[in-house]
Each structure stands twice: as structure tokens, then as C-alpha cells.
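Contents: one structure, followed by commentary.
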DNA sequence: GTCTTCCATAAGTATTAGGTTATGGATAGT
DNA sequence: ACTATCCATAACCTAATACTTATGGAAGAC
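Residue numbers (our numbering), protein chains in the order written: chain A, 67 to 203; chain B, 67 to 203.
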């Protein structure tokens with residue numbers, strides 16, 4: 067109960083059905099019935115997936131006539147990307163443009179600044195590996 | 067069981083302890099005992115977290131003397147970022163540089179091409195919202 | 001060999017997740 | 001008012017998560 071925001075977002079993304087729902091919402095808002103149609107799954111199951119997505123802030127919902135529309139909210143995806151961006155240096159060789167992207171993403175993600183438990187007793191990391199040329203003069 | 071790779075990676079990231087472990091491994095390989103020290107949690111609990119991370123391909127492990135070292139493997143993080151990159155257009159206004167980043171990330175993430183269930187019976191999306199100026203001439 | 005340190009694995013428990021069927025409320029059409 | 005459609009909620013089941021304590025194996029130190 068009451069896990070942090072990033073965990074909730076990653077948790078919501080850890081399900082292929084929910085990722086597929088988000089992908090479809092990228093093309094426009096959809097009703098529950100339309101979202102449920104492609105899946106071999108009952109309508110209540112989809113409703114619960116939508117509830118999880120809503121809880122993570124990944125969708126918002128509105129009513130139009132008899133139908134309940136789901137709308138993609140991408141901000142939490144930005145926060146997740148911002149957290150991941152810190153690791154780009156570990157798989158990427160071209161830092162030049164990416165350092166700027168990383169800095170900009172972190173600047174823009176001020177809403178949820180990619181928090182983490184910040185362990186109390188960090189055992190004075192004597193290693194600090196790599197630290198490859200990130201000093202473009 | 068046997069969920070897809072992306073789900074496993076996002077699932078591994080959906081825990082603050084595991085994210086903190088990854089963050090510390092970014093500074094260099096560490097032994098289990100060093101990883102466990104900051105957390106108010108038993109050593110077997112950390113061992114299980116490491117097993118989850120290893121199952122997601124996010125760390126690899128080796129032996130050095132009596133100690134078992136964990137090493138950060140960032141490739142799955144790249145795949146996750148690649149999946150998220152598709153949504154950058156939904157929170158970002160400057161497409162110019164980002165379209166290139168997106169294209170490059172997807173090109174490079176050929177190992178796990180951000181798969182998804184690809185729902186069989188897509189209900190002929192009559193909406194296709196926004197589709198904002200992504201055609202820089 | 002014996003001891004100690006590091007760590008994995010087993011077994012047990014409580015909670016959460018992801019699905020089901022059944023049902024009922026809200027809204028529109030007639 | 002009656003009916004049909006859309007969807008949420010309840011109740012239930014099973015399996016997976018996230019921890020615990022207890023224990024034992026593997027290597028280096030003595």
C-alpha cells in the first residue's frame with residue numbers, strides 16, 4: 067500500500083495488456099467496449115486494467131453520452147523515461163547529444179523528480195567504474 | 067509464466083529497492099553484502115531481488131574469491147526506453163531533435179523490438195487524434 | 001582440518017495481482 | 001414506463017510477490 071509513484075507507473079507498464087491499451091489510446095480516446103474487444107478477456111478484467119492505469123496517472127476518464135472514454139496521459143511516461151535516461155550512458159557511445167537530452171528530461175520532469183529510497187547507510191563506494199568521457203570541453 | 071521480456075523488465079523496475087540497487091551498481095560492481103547493507107531487510111530478501119534483476123537481464127553475476135559480484139547490464143533499460151520513446155510526442159513540443167532520437171533508439175533496440183500482443187481484432191480506429199506536425203519538411 | 005565469512009536455498013506466511021461469473025446502476029432510445 | 005447498451009462493482013479463486021527465519025554449501029584464513 068502507498069508505494070511511490072514511479073513504482074506504480076512501472077508496475078502498470080509491466081503487463082502486456084495494459085501496454086497494448088496505452089498503445090491504442092495513442093491514436094485517440096476510446097470507450098471501454100472498444101478497448102476490450104481485441105482481448106480474449108472479460109469486460110470486468112479490462113475495467114480493472116483501466117483502473118490500474120488510472121491509478122498510475124497514465125489515463126484519465128470522461129463520460130460522453132452512455133460511453134466512458136479513456137484518454138492517454140503521458141506525463142508519467144515522461145517521468146519513467148527520465149529515470150531511465152540516467153542509464154543511457156551505459157549502453158550508448160554517443161554522449162554528445164544525449165547528455166543534453168538527459169539534462170533536459172530531468173529539468174522538465176520536475177513534477178516527480180525520479181525519486182528513490184535513498185538508502186541511509188551508503189557504504190562509501192570506493193569503486194566508481196568507467197566514468198567515461200562525459201566531459202565534452 | 068513465461069511472460070514477455072518487456073513485462074519482466076518493467077516488473078523488475080516496479081520496486082524501489084531494485085531501482086536503488088541498479089542505481090548503486092551504476093557506480094561499479096558490488097557484493098551482495100554491500101548491496102544489502104543500506105536496506106532494512108534480510109540478506110535473503112536482497113538475494114531474491116538480485117535474482118529478479120538477473121532474470122530480467124538487468125544484472126549479470128560473477129564470482130571473485132568468496133564474494134559474488136553483481137554487474138549492471140543496461141541493454142534491457144535501453145529496450146524499455148525505446149518502448150517509452152514512442153510516447154515522447156505526447157508530452158513534448160520540440161519534435162525536431164526527438165524524432166531522430168526516437169528513430170535511432172528503435173533502430174538500435176533491434177534485439178528486443180518492443181513487442182506487444184498486437185491485438186487481433188483492432189476496431190478500425192475511426193479517430194486518430196492529434197497527429198501533430200511530425201512532418202518537418 | 002577447523003573456523004569464519006559470504007551467500008543461496010528451503011519452508012512458511014501474508015498480501016497483491018489477474019482473472020472469472022453475477023449483478024446492478026446509469027443513460028439513451030422507443 | 002420499458003428496454004437495451006455500457007460499464008462498474010462485488011465475491012470468489014488461483015498464482016505470484018515480498019518478506020521472514022533456519023540452514024547449509026563454498027572458499028579463503030588460520
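Just so it is clear, CB atoms sit at the ideal spot from N, CA and C, and this is done for glycine as well. Computed from a predicted model, the values in this text were never measured in an experiment.
Between residue i and chain A, is any beta-carbon pair separated by less than 9 Å?
i                      : result
residue 132 of chain B : no
residue 143 of chain B : yes
residue 116 of chain B : no
residue 119 of chain B : no
residue 127 of chain B : no
residue 73 of chain B  : yes
Taking the DSSP output, what are the residues bridged to residue i?
i                      : result
residue 97 of chain A  : A/135
residue 144 of chain B : Paired residue(s): none; residue 144 of chain B is not in a bridge.
residue 128 of chain A : A/135
So the candidates are the options; which of them puts its Cα closest to the Cα of residue i?
i                      : options                       : result
residue 97 of chain B  : B/144, B/118 and B/137        : B/137
residue 140 of chain B : B/119, B/154, B/134 and B/132 : B/119
residue 115 of chain B : B/73, B/154, B/131 and B/81   : B/81
residue 153 of chain B : A/93, A/70, A/74 and A/153    : A/93
residue 77 of chain A  : A/106, A/101, A/117 and A/102 : A/117
residue 70 of chain B  : B/109, B/121 and B/129        : B/121
residue 83 of chain B  : B/102, B/148 and B/75         : B/102
Can you give the beta carbon distance from residue i to residue j, rounded, assuming they're within the 8 Å contact cut?
i                      : j                      : result
residue 143 of chain A : residue 150 of chain B : 5 Å
residue 91 of chain A  : residue 85 of chain A  : With 8 Å as the limit, residue 91 of chain A and residue 85 of chain A do not qualify as a contact, their Cβ atoms being about 11 Å apart.
residue 95 of chain A  : residue 135 of chain A : 4 Å
residue 72 of chain A  : residue 146 of chain A : 7 Å
9 Å is my cut-off, CB to CB: does residue i come that close to chain B?
i                      : result
residue 76 of chain A  : yes
residue 153 of chain A : yes
Name the residues in the segment 85-114 of chain A whose C-beta lies less than 8 Å from a C-beta of chain B; which are they? Those residues of the segment 85-114 of chain A that come within reach of chain B (Cβ to Cβ, closer than 8 Å) are 85, 86, 88, 89, 90, 92, 93, 94, 95, 96, 100, 103, 104 and 105.
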